[in-house]
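**Q** Here you go, one structure.
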Amino acid sequence: MPKNMHYAILEAIQGEMRRDKHLTLLYEYQRPSAGWKGRAIDLEAEFGRPRVQFCAIDEQWIVGAALGMAMTGVPAIAHIPSMATFIPFELMFNHAGKLRHMTGGQAAFPMVLWADMATRAPFQGGQHADAGLESAYARLAGLKVVIPSTPYDAKGLMISAIRDVDPVVFCHYPMPADGPEVPDEPYTVPIGEAAVRTEGSDITLVGYAPQTAEIAKAVEELKKEGIRAEFIDPRTLAPLDSVMPTILASVKKTGRLLTADEGSYTFCNAAEIVARVAEALPGVKIKRLAFPDAPAPGAPEMIQHMRVDAARIAAAARKLVRGSG
Amino acid sequence: MTHPFTPRAAPVGTRSGPVVRVSRRSFIRRSGLLGLGAAVLGHGARLALAQHGKTWSDQLSAEELIGMYRDMLKIRLWETKIKDLMVQGGFRGVAHLYVGEEAIAVGVCRALRKDDYIASTHRGHGHLIAKGGDMARMLAEITHKATGYCKGYGGSLHITDVRLGILGMNGIVGASHLFAAGAAYGIKVRGTDQVAVSFGGDGSLQNSFFTSAANAAAVWKLPWIAVIENNGYQIWVRTSDVCSPVDLARRAEGFGIEGRVVDGNDVLAVYNVARYAVDKARGGAGPTVIECKTYRWYDHYGVAGARFGVEGALGLWYRSNRELRDWMAKDPIARFQRFLESEGVLAAGQAERIRTEVAKAVEDAAAWAAAQPVPQPEDGLRNVFAHGAVPLRNV
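Listed in order, the protein sequences are those of chains A and B.
Each residue of the first sequence is one higher than the last, beginning at 250 in the numbering used here.
Each residue of the second sequence is one higher than the last, beginning at 62 in the numbering used here.
Structure, rendered in structure tokens:
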């Protein structure tokens with residue numbers, strides 16, 4: 250049993266807090282503690298207040314304080330829950346992303362917005378199942394947006410995010426403990442580097458958390474049928490420029506692009522990837538799967554009908570490769 | 062016509078309530094009470110001065126007082142120059158003029174150390190000058206020149222010098238409070254004795270940035286001071302028409318924060334209350350909200366109603382000329398000058414000499430700024446991130 254995502258993230262932060270005596274974590278209710286194989290991380294017990302601070306239900310404070318600290322040289326992590334994704338949006342949009350530019354390079358925000366993200370889970374309904382909001386942050390100038398899909402990437406990307414002098418939105422979807430084992434030691438996964446999860450030559454599948462689990466299943470299913478899919482997880486959504494070469498090289502090889510996104514169809518992040526591929530490689534076959542432009546219903550019958558899953562990805566891939574599902 | 066927040070008589074019960082009106086005279090009268098409060102709060106060492114009939118402004122040397130006078134004049138004449146340039150036309154920029162409110166920036170910043178932080182507003186030129194900003198580089202910035210403070214990226218609304226502890230002028234109303242409170246939290250993390258001051262207008266208490274800042278500052282006793290520059294108008298609407306009719310500083314009470322109201326056109330009164338709040342914050346006794354009643358002589362932004370060589374913007378649709386004249390008669394600089402002359406701090410003719418010197422410095426700044434190069438067009442693609450440039454997308 251490998252370390253899970255939560256443990257991997259806390260291990261990253263723990264190492265960085267030991268490295269930098271000012272690094273501060275503000276959070277709301279998700280206590281920064283976790284156990285694994287008899288080992289335990291408890292950041293509050295280890296570092297105490299004010300460096301690890303349980304705050305009021307006030308995402309504006311948590312993020313605003315992180316920005317005020319970061320601008321005065323105290324690096325900070327602001328952890329917010331998944332239903333509050335947009336409460337600090339104004340701060341990230343008009344301040345974190347702009348002040349370096351507005352001040353001619355004087356201001357810096359070494360901060361991480363650790364945003365828990367909602368999945369398309371049943372029995373939630375609307376406000377607690379609205380996945381895909383990372384695309385809104387990825388659209389903002391001056392922000393970096395990372396979206397790990399494995400515990401290994403989560404730890405490495407969190408360390409990169411903390412060490413980055415620019416503000417980083419760390420989108421944390423709860424993903425299964427798959428992928429490579431997470432070393433105890435600190436290591437980085439560079440921001441702006443896509444991962445080729447599976448190599449193939451018939452079709453390029455692009456998707457990030459939380460769709461990666463469904464895509465991985467679809468890849469296995471397609472393999473049994475003789476379709477070799479190449480699966481790319483961009484891991485970084487902004488700036489997208491540095492991950493595009495990997496995607497473009499793959500689509501150039503396969504001639505086909507299928508994207509799967511848990512977010513709503515219009516303006517989902519995959520839409521941007523599709524646009525860039527279409528612009529760079531005219532004539533390739535493209536299909537985009539996503540959630541409809543609707544709130545997520547709570548009843549399982551409804552939401553299952555609407556979301557993207559492995560079977561639908563496989564069907565769309567078959568259609569692109571063979572001309573029929 | 063009077064200002065909608067013309068100071069009234071002190072409310073009954075101020076002894077028990079945290080809101081205290083402070084003018085220079087009443088401050089001296091109340092200083093004994095403050096000294097007692099200081100002992101209770103455990104930060105009496107500095108406050109003890111007040112127990113012996115001396116206020117903080119009494120401790121200022123003649124040189125310091127003249128420095129304050131000079132700073133106020135710098136703001137006045139620098140901004141008046143901007144106004145005249147704008148009236149003349151062809152000005153490469155915009156401006157929200159601060160003229161009329163100079164006593165607040167100077168009174169507050171004089172109470173600060175160089176390593177203290179301030180977070181400013183869209184009407185923030187005065188704060189920057191009072192914190193030590195360079196008038197020439199400021200003028201270059203508001204005309205978007207390559208050698209301006211922000212290399213031409215920011216302009217009037219966003220001039221800043223991070224090295225002076227200025228967290229930026231900020232065009233989003235109220236954000237200054239949150240930024241300064243965040244900086245104050247960072248001070249707590251680092252364990253220094255700095256303080257962080259946010260300036261904000263009367264409108265800056267309306268959205269929730271202030272609320273988030275005040276709650277956290279109160280509960281963790283952060284070294285945060287919010288200075289509310291109540292000039293009576295939120296853009297073009299009277300604050301008394303859109304806000305419940307209480308002193309804005311009273312809103313601090315709900316968070317358990319001491320709120321104080323002061324005549325914002327009295328630089329020494331502002332200094333005294335700021336010094337009280339700063340010493341309290343440095344001593345670990347937490348935040349203060351200071352409401353300064355004042356008035357802006359020009360329009361919300363730009364120069365509507367303004368004329369070359371004439372002070373004040375007349376004929377604005379949302380306020381009367383008499384109201385403006387009433388407040389111009391309470392000019393904080395003329396008032397301070399009269400006081401300094403009556404005290405013998407300024408000798409006969411000295412004020413005029415200082416004015417001439419400052420006016421020359423402003424003209425020199427303007428001449429320097431006018432001769433500065435404009436930025437390279439492709440620089441707009443830089444400084445998005447710490448490294449590199451973003452690609453151009455229109456080709």
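By construction, the Cβ of each residue, glycine as well, lies at the ideal position given by its N, Cα and C atoms.
1) For VAL557 of chain A, which residues of its own chain have a beta-carbon under 8 Å away from its beta-carbon, when the five flanking residues on both sides are left out?
2) Just by C-beta distance, which residues in the region 280-309 of chain B are closer than 9 Å to chain A?
3) Below 8 Å on C-beta distance, what does LYS212 of chain B contact in chain A?
4) Using a threshold of 9 Å, state whether the C-beta atoms of THR141 of chain B and VAL160 of chain B are closer than that.
5) Does the region 398-405 of chain B come into contact with the region 168-182 of chain B, if we say contact requires no fewer than three beta-carbon pairs (one atom in each stretch) closer than 8 Å?
6) Look up GLU290 of chain B in the DSSP assignment and say whether it is helix, strand or coil.
7) Helix, strand or coil for CYS420 of chain A, going by three-state DSSP, please let me know.
8) Mind checking which residues open and close the alpha helix (DSSP H) that includes ILE311 of chain A?
9) Considering only their Cβ atoms, is the gap separating ILE203 of chain B from VAL167 of chain B smaller than 9 Å?
10) When you compare the CB of LEU375 of chain B with every CB in chain A, is at least one pair closer than 9 Å?
11) Note down, in chain order, every chain A residue with its Cβ under 7 Å from the Cβ of ARG251 of chain B.
12) When the distance is taken between beta carbons, is TYR246 of chain B closer than 9 Å to MET318 of chain A?
13) Relative to the alpha-carbon of GLN120 of chain B, which residue among B:LYS421, B:ARG198, B:ARG336, B:THR417 has its alpha-carbon at the smallest distance?
14) Quick check on SER398 of chain A: does DSSP put it in helix, strand or coil?
15) For ALA109 of chain B, name the three-state secondary structure that DSSP assigns.
16) Under 7 Å Cβ-Cβ, which residues of chain A neighbour GLY247 of chain B?
17) Closest Cβ-Cβ distance between ASN444 of chain B and chain A: below 9 Å?
18) At what residue ranges does the region 308-342 of chain B contain a whole run of the beta strand (DSSP E), taking only runs of 3 or more?
19) May I have the straight-line CA-CA distance separating LEU389 of chain A from GLY346 of chain A, to the nearest angstrom?
20) Helix or strand or just coil, what does DSSP make of LYS393 of chain A?
21) If you reduce the DSSP assignment to three classes, tell me which class TRP388 of chain B lands in.
22) Which word fits TYR359 of chain B, buried or exposed, when buried means at least 16 other C-beta atoms lie within 10 angstroms of its C-beta?
23) Closer than 9 Å, CB to CB, is ASP195 of chain B near chain A or not?
24) Please work out which residues of its chain come closer than 6 Å, Cβ to Cβ, to ARG446 of chain A, disregarding the five sequence neighbours upstream and downstream, and give them in chain order.
25) Taking Cβ-Cβ distances shorter than 8 Å, what residues in chain B pair up with HIS344 of chain A?
26) Between which two residues does the alpha helix (DSSP H) carrying GLN263 of chain A extend?
27) So what does DSSP say about ARG272 of chain A, is it helix, strand or coil?
28) What number of angstroms, rounded off, separates the C-alpha of ALA380 of chain A from the C-alpha of PHE338 of chain A?
29) Counting only beta-carbon separations shorter than 9 Å, does GLY168 of chain B have a partner in chain A?
30) Should the region 255-265 of chain B be regarded as contacting the region 212-221 of chain B, the criterion being three or more beta carbon pairs within less than 8 Å?
31) Going along chain B in order, which residues have a C-beta closer than 9 Å to the C-beta of GLY441 of chain A?
32) Anyone know if the C-beta pair for VAL431 of chain A and PRO281 of chain A falls short of 9 Å?
33) Report yes or no: is there a C-beta of chain B within less than 9 Å of the C-beta of ASP307 of chain A?
34) Under 9 Å between C-beta atoms, does HIS219 of chain B make it to chain A?
35) Does any residue of chain B bring its CB to less than 9 Å from the CB of GLY391 of chain A?
36) Can you tell me where the beta strand (DSSP E) with GLU352 of chain B in it begins and where it stops?
**A** A quick look at the data gives this:
1) GLN460, GLU463, ALA509, ASP510, GLU511, LEU538, ALA539, PHE540
2) VAL280, TRP281
3) GLY353, GLY354
4) yes
5) no
6) strand
7) strand
8) 308-320
9) no
10) no
11) HIS271, VAL323
12) yes
13) B:ARG336
14) coil
15) In this prediction, ALA109 of chain B has a pLDDT of 42, which is less than 50 and means its spatial position is unreliable; what the coordinates show is noted afterwards. Three-state result, ALA109 of chain B: helix.
16) GLY317, MET318, THR321, VAL323
17) yes
18) 319-324
19) 7 Å
20) strand
21) helix
22) buried
23) no
24) PHE480, ASP482
25) ASN231, ILE233, ALA236, PHE240
26) 254-268
27) Here residue 272 of chain A turns out to be Leu, not Arg, going by the sequence shown. Three-state DSSP puts LEU272 of chain A in coil, outside helix and strand.
28) 16 Å
29) no
30) no
31) Near GLY441 of chain A there are no residues of chain B at all, since even the closest Cβ is about 11 Å away, more than 9 Å.
32) no
33) yes
34) yes
35) yes
36) 349-354
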